[in-house]
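Going by my numbering, the sequence shown opens with residue 1, and the numbers climb by one from there.
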Amino acid sequence: MRRAVGLPWQMLRGAVALTYLFIFTPIVITALVSFNSINQSKFPPVGFSMRWWDDALSERWLQPLWFSVQLATLTAVIATLLGLPLAFGLTRYKFPGRNILVALSLGPLALPALVTGIGILQFFQTAGLAALFGFPALLIGHVVICLPFSVRTIAISLRAMPAKVEQAAANLGARPARVFLEITLPLIRSGLFAGAIFCFIQSFTDYSVSLFLSRAGMQPISIAILSYIDYGFTPTLAAVAVLTLVVPLVLIAAVQHFFGIGDFLYGARDSG
């Protein structure tokens, strides 16, 4: 009987292990390829060399990497600032045109990113805003595709708040602004930061929109990698790919340590 009960758990553990293996094996292989001593992406690596990491840490790659970090950070901040009042209004109020606003704010999730990129490109050209191509256009385009992540995560946090806690604070004499700052914001903090992280990662890894809105000298790391692939997948690209994985992982670890976004994703941690 005990064996029959334990079998589903063993199968679940096996499925989880296979899932992790499927996710991490390509990452490990890519990292090992970056240490080849020859200019070929061989696995297992041929010899050992750090020369490709020297190339990956050169100005050629650090400049678009830093550009992507700046773009993704500003995108996350703006998307969060816009997503907070939008999610609050859509969650707490009923008004004419609400369904249209929901469709507009969440539409980029339903549309393929390539279609969104072409649409934004056509908008800029039709409106005579081609001079904005580069960082301004990229920022606008990335905010458009990242806003749904902010709206959804903040809305989930607002719906998960304890019932009538804001009303109780108001009944005790707190003004609406104080209720929002001292009650609502602390309770939805995990959702705010989770949405910001999702926005950062979406912006940092995007290439469909960036492909149409970037220009020479103002290219995210994803477009720099895409352009370099024309020469083949070299160990240098493997090293750069590892760097692009490290940046979001370090950010997620830092935000989880200080703000606990895992509470939003998986539930609050036990107090003990």
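Even for Gly, the Cβ is constructed at its ideal location relative to N, Cα and C.
- Proximity to Ser210 across Val179, Pro112, Thr91, Phe135 peaks at Phe135, based on C-alpha coordinates.
- Beta-bridge pairing by DSSP links Met218 to Arg215.
- Boundaries of the alpha helix (DSSP H) harbouring Leu139: 135–159, taken from the DSSP string.
- The count of Cβ pairs closer than 8 Å, one atom from the segment 93–113 and one from the segment 188–197, stays below three, leaving the stretches out of contact.
- Scanning its chain for C-beta atoms nearer than 7 Å, with the 5 sequence neighbours on each side dropped, one finds around Leu74 the residues Leu139, in chain order.
- Around the CB of Asp206, 16 or more other CB atoms lie within 10 Å, so the residue is classed as buried.
- The straight-line gap separating the alpha-carbon atoms of Trp66 and Ile78 is approximately 18 Å.
- Each of Leu109, Val240, Leu101 was checked against the Cα of Ile225, and the nearest Cα belongs to Val240.
- Annotated three-state conformation of Phe88 is helix, per DSSP.
- In chain order, Pro112, Ala113, Leu114, Thr116, Gly117 place their CB closer than 8 Å to the CB of Ser208, counting only its own chain and leaving out the 5 sequence neighbours on each side.
- Residue range 113–126 is occupied by the alpha helix (DSSP H) that includes Leu114.
- In terms of Cβ geometry, Trp53 and Ser34 form a close pair [threshold 8 Å].
- Between Phe193 and Val255, the C-beta spacing is below 8 Å.
- For the options Val143, Gln122, Phe124, Ala110, the alpha carbon positioned closest to that of Ser203 is the one of Val143.
- Its chain contains no residue whose beta carbon lies nearer than 7 Å to that of Asp230 once the 5 sequence neighbours on both sides are disregarded.
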